[in-house]
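Residue 230, in the working numbering, is where the sequence shown stops; the numbers in between run on with no holes.
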Amino acid sequence: LARKDLPADLAGRHVVVSAGGTREPIDPVRFIGNRSSGLQGYALARTALARGARVTLVAANVALPDPAGAEVVRVGSALELRDAVLKAAGEADAVIMAAAVADFRPDGYRDVKIKKTDGAEPEPIRLVKNPDVLVELVTARRPGQVVVGFAAETNDVLRNGREKLARKGCDLLVVNEVGERLTFGAPDNAAVILSADGASVDVPRGSKEALADVVWDQVAGRLK
Ligand code: CTP
Ligand code: CA
Numbered sequence: 007l008a009r010k011d012l013p014a015d016l017a018g019r020h021v022v023v024s025a026g027g028t029r030e031p032i033d034p035v036r037f038i039g040n041r042s043s044g045l046q047g048y049a050l051a052r053t054a055l056a057r058g059a060r061v062t063l064v065a066a067n068v069a070l071p072d073p074a075g076a077e078v079v080r081v082g083s084a085l086e087l088r089d090a091v092l093k094a095a096g097e098a099d100a101v102i103m104a105a106a107v108a109d110f111r112p113d114g115y116r117d118v119k120i121k122k123t124d125g126a127e128p129e130p131i132r133l134v135k136n137p138d139v140l141v142e143l144v145t146a147r148r149p150g151q152v153v154v155g156f157a158a159e160t161n162d163v164l165r166n167g168r169e170k171l172a173r174k175g176c177d178l179l180v181v182n183e184v185g186e187r188l189t190f191g192a193p194d195n196a197a198v199i200l201s202a203d204g205a206s207v208d209v210p211r212g213s214k215e216a217l218a219d220v221v222w223d224q225v226a227g228r229l230k
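Here it is as structure tokens:
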């Protein structure tokens with residue numbers, strides 16, 4: 007799928023992309039998950055490869071073919087994703103957190119399947135907070151490294167996006183509006199890319215590849 011019209015402006019660069027959605031195990035057969043398909047993260051990985059980058063793709067529960075030439079690290083839970091991303095980010099020029107990371111995980115894994123005991127009500131499952139990988143990346147960021155987050159918002163997209171960008175401390179935040187029929191598993195996407203310096207770029211509805219290209223334009227322009 008190499009596209010000849012793309013600039014090789016990421017040649018010699020190492021980029022890390024996380025994709026998909028984490029699964030937080032409850033017992034050997036159950037988990038708490040989310041609707042992320044991994045399509046946008048995979049489009050980002052393929053586009054970076056086409057523009058000459060070395061790509062590490064941290065994939066959480068994705069049913070998509072490996073992009074040719076990428077180093078793919080498969081993970082399940084948020085804690086596994088965190089380990090893989092932080093390790094790969096150590097010497098990377100840019101990191102994009104396109105994965106949907108669970109905010110909470112069950113407190114304690116039951117290593118025996120929870121049974122339906124007739125008549126009795128189930129025990130509640132307590133949740134605890136997962137670490138914020140994006141914030142940890144920003145804290146550990148090496149000089150010149152570009153860190154990008156994604157945000158799915160259902161309302162007040164711009165205001166929530168600006169607040170989130172400030173809270174996370176990343177360089178760019180790609181914000182899209184989500185709902186039952188918007189974005190999840192769909193081939194296309196619309197977004198606004200917010201920058202820490204106050205700028206914003208509107209990306210009209212189009213393919214996830216097209217959005218990926220605009221994201222890499224923004225990243226490439228910030229690489230030293
Ligand atoms: N993210 C992360 N680690 C988490 C949660 C989120 O690295 N534990 C990253 C996501 O990969 C994404 C960005 O943070 O790039 C924004 O995720 P989002 O869920 O929109 O933000 P939250 O801070 O979790 O806020 P909320 O879900 O309450 O809107
Ligand atoms: Ca969240």
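Heads up, the beta-carbon is just placed ideally off N, CA and C, and yes, glycines get one too. Small disclaimer: the values here were computed from a predicted structure and weren't measured.
Whole-number beta carbon distance between residue j and residue i, since they are thought to touch under 8 Å
i	j	result
V139	V107	6 Å
I32	R116	7 Å
V35	K119	6 Å
Short Cβ contact (9 Å threshold) for residue i with residue j
i	j	result
G167	V198	yes
R19	L229	yes
D219	L63	no
V101	V23	yes
G27	A76	no
Q151	A98	yes
N182	A202	no
Residue i, DSSP secondary structure in three states
i	result
A59	coil
N166	helix
L140	helix
L7	Here L7 scores only 49 on pLDDT, less than 50, and its place in the model should not be relied on; the value that follows carries that caveat. Residue state, collapsed to three classes: coil.
A17	coil
L217	helix
L50	helix
For residue i, the first and last residue of its enclosing alpha helix (DSSP H)
i	result
L87	A84 to A95
V68	Segment: none, V68 is in no alpha helix (DSSP H) and carries neither H nor E.
Check: residue i C-beta below 8 Å from any heavy atom of ligand 1
i	result
F156	yes
K170	yes
N136	yes
N166	yes
L140	yes
With distances taken from each beta carbon to the nearest heavy atom of ligand 4, which residues come in below 7 Å, in chain order? Looking for ligand 4 in the displayed structure turns up nothing; the ligands present are ligand 1 and ligand 2.
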